[in-house]
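Okay, structure first, notes after.
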Amino acid sequence: MGTVAFAGLDYAYPGTAARVLDQLDLDIGSGLVIVSGSSGSGKSTLLRVCNGLIPHFHGGRIGGSARVLGRDVLRTPTRELARDVGFVFQDPELQAVYPSVERDAAFGLENIGVAHAEMVRRVDDALQMCGIAHLRRRAVATLSGGERQRLALAGVLAMRPRLLVLDEPFSQLDPEGSGALLAALRAAVRAGTSALVAEHRHQLVVESADRWLAMSGGRVADSPPPPALPVALPHGRSQPAELSWRLHGVSAGHGRTPVLHDLELVGGEGEVVALVGANGSGKTTLLRTIAGLLAPLAGRVERRPGRIAYLPQNPSALLHRATVRSEIDWTLRRTRSAGDAGTVLEELGLGTVAGRDPRDLSSGQRQRAALACVLAGSPSLVLLDEPTRGMDEAARAALTAAVARVAERGGSVVVATHDQDLVAAVATRVVELREGAAREPVPLLAVSRSC
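In this note's numbering, the protein residues as written are 537 to 987.
Right, dumping it as C-alpha cells:
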C-alpha cells in the first residue's frame, strides 16, 4: 500500500448534493507528485483528505476508503495526522499564528514538544532552505505574500513530515523563491519524504515531477504533463491621452520605515502597467499607496476622479455575502452603476457558481469572484495584486480579456505579478521595483528574471 491510498472515495460538502470526489481511486508512493486540473475540479478537496481536514473539520458526507501513511483517515484525528503530514494552504495569510517569523516557524515544533535546542536547529535549517533566514526577526505582518508563502513552507519543513501536501505553493513566488521551493522539495524527497502538490503554474514544476496526475469531475488519473503555452507577444497601444494617476517624490512603507524611496511614476488612461520585482520589493505597498489605502511617508499622490477598484492578494477579504451574484449586485448598488451582474458573471466564467457561497468555492473560483466584484461598475482605476493566483488557463484567459476591456474604455490598470505570461499578454508598460527604486522601461526579455 502506498503513502496515499484512496479507494472508491466519495465526498460532498455540507449542505450540497453534488459530490466533489466521485468514486476516486488513487495510490501514491514516493517522489514528487503534481496534481493538475481546472479550478473547482476537486484538487484542494483531495489534498484536505490527506491531513484529515476532510471530513473531521469540514464535515459533509464521505464514503469509500482513505488511508494515509497506513492510517485510516476517517478514524484518525487530524492532530495525529498532522505529526506526519505537513500541509501548506492556498492562503498563506491565514496560516501564520505568531507575530514574528522565527516564532511562527517554530509553532508546529512547540505543539509536539520538541526540545528547545533541536527546535532552534530545525527552524534554522527550514528558514535557510526556504531562502528567508534574513527575515527571521521580521514581523509577519510586514511580509509580502510570497514571503508569507515561504514562511508557511518553512514551518512545515521544520516538522520533518513523512508526507508534504502543498496547495498552489508557487502562486506568489518570485524566481528565487520558486527555485528555493523546488530545491527544498527535491531535498525532502531525496531524504524519503513524499510530496503531493496541486499547481497551476505547470512550467515551474514540469521538469521536477516524478509523476503527473490530472483531476476532472471528482476523479484523478495519470496524465502526461500539460504542454507549455506560448508566451503572448506584447500588444502596443497608443500613448495615453490623459494621466490617470501620478506619484511625486513618493516614499512609502509600513510604520516609519520606507520600502520605496522618492518614486516618480505616472499611469495614463488606457494603459496597463505591470509591476514586477522580487518578493518584498514593495509591489503591494505601491498598489496600496496608489489606491489611497496607505498614506505616503513623503511626497504626494494624484488621482483622476473616479472609482478605484483594488484586488488584494487574499480574495477572501472581499467576499462576505451569501452568493457570488449578491456580491456583484452589492458593488453595482454601492457605486450607483448601470450594468447587470449576469454579464459580469458570464465574462469571467462564473455563471455556473452564481448562486454559490463564495467561501465554498475553490481558490481559483474565489479569485475570479473577487475580480468580478471589483470590476463591476466600470471603475476608472483598477489595481490588481497577484490576480492569477490559483487560476487555471480558462480563468487566466478571462482575466486577460477583462483587463483589455477596462483599458479599451479608457480605464487605467496596474497589475503586480510574478506571472510573466500575464505580463506579456496585457502590459503596455513594465515597471520593475528593486531596492526601493522603480526602473522602466523594462525589456520583455528581462521580465522573466524579475517576475
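Yeah, the Cβ is synthetic: ideal placement off N, Cα and C, and Gly gets one too.
query, result
"How many angstroms separate the CA atom of residue 680 from the CA atom of residue 820?", "7 Å"
"On a Cα-Cα basis, can you pick out the residue from 842, 605, 694 that is closest to residue 872?", "842"
"Taking its Cβ as the centre, do 16 or more other Cβ atoms sit within 10 Å of residue 647, making it buried, or is it exposed?", "exposed"
"Under three-state DSSP, which class holds residue 969?", "strand"
"Classify residue 736 as buried or exposed, calling it buried when 16 or more other Cβ atoms lie within 10 Å of its own Cβ.", "buried"
"Using 8 Å as the threshold, is the region 603 to 613 in touch with the region 570 to 579, meaning 3 or more CB pairs across them?", "no"
"Taking C-beta to C-beta, are residue 809 and residue 950 nearer than 8 Å?", "yes"
"Excluding the 5 residues preceding and the 5 following residue 936 in the sequence, name in chain order all residues of the same chain whose CB lies nearer than 6 Å to its CB.", "961, 962"
"What is the rounded straight-line gap between the Cα of residue 818 and the Cα of residue 897?", "30 Å"
"Among residues of its own chain, excluding the 5 on either side of residue 683, which ones have a beta-carbon nearer than 6 Å to its beta-carbon?", "815, 816"
"Output needed for residue 890: all residues of its chain with C-beta closer than 6 Å, excluding positions within five of it in sequence on either side, in chain order.", "860, 861, 881"
"How long is the line joining the alpha carbons of residue 697 and residue 801, rounded to whole angstroms?", "46 Å"
"If we ignore side chains and look at the alpha-carbon of each, how far apart do residue 946 and residue 926 end up?", "28 Å"
"Determine contact between the region 729 to 745 and the region 645 to 664, defined as no fewer than three beta-carbon pairs at a distance below 8 Å.", "no"
"Output the distance between the C-alpha atoms of residue 878 and residue 888, rounded to the nearest integer angstrom.", "11 Å"
"Mind pulling the beta strand (DSSP E) runs of 3 or more residues that sit fully within the region 589 to 677?", "597 to 604, 621 to 624"
"Hey, would you say residue 830 sits closer than 8 Å to residue 921, going by beta carbons?", "no"
"Grab me the residues of residue 692's own chain with a C-beta within less than 6 Å of its C-beta, minus the 5 sequence neighbours each way, in chain order.", "622, 624"
"Using a Cβ-Cβ cut-off of 8 Å (strictly less than) and excluding sequence neighbours within five positions of residue 643, which residues of its own chain qualify?", "633, 634, 691"
"Taking the alpha-carbon positions, what's the residue 746 to residue 931 distance?", "27 Å"
"Leaving out the 5 sequence neighbours to the left and right, which residues in its chain are closer than 7 Å to residue 667 when beta-carbon positions are compared?", "686, 712, 713, 716"
"Tell me the residue span of the beta strand (DSSP E) that contains residue 836.", "834 to 839"
"With a threshold of 7 Å on Cβ separation, who are the neighbours of residue 892 within its own chain once the five nearest residues in sequence on each side are excluded?", "859, 860"
"Less than 8 Å between the C-beta atoms of residue 732 and residue 598, yes or no?", "no"
"Please go through the region 784 to 829 and give each complete beta strand (DSSP E) segment of 3 or more residues, from N-terminal end onward.", "793 to 804, 808 to 812"
"Tell me, which residues are paired with residue 751 by DSSP?", "756"
"Among the residues of its own chain, which have a CB less than 8 Å from the CB of residue 719, if the five just before and after it don't count?", "665"
"Secondary structure at residue 696, three-state DSSP: helix, strand or coil?", "coil"
"My output table needs one value for residue 727: the three-state DSSP class, helix, strand or coil.", "coil"
"Label residue 627 either buried or exposed according to how many other C-beta atoms from any shown protein chain fall within 10 Å of its C-beta, with 16 as the threshold for buried.", "buried"
"Just the C-alpha distance for residue 968 and residue 675, rounded to the nearest angstrom, thanks.", "25 Å"
"Considering only the beta carbon of each residue, do residue 778 and residue 804 sit closer than 8 Å?", "yes"
"For residue 612 and residue 832, what's the separation of their Cα atoms in angstroms?", "51 Å"
"Any idea which residues DSSP pairs residue 921 with across the strands?", "952"
"Under three-state DSSP, which class holds residue 849?", "coil"
"Is the separation between the beta-carbon of residue 695 and that of residue 573 shorter than 8 Å?", "no"
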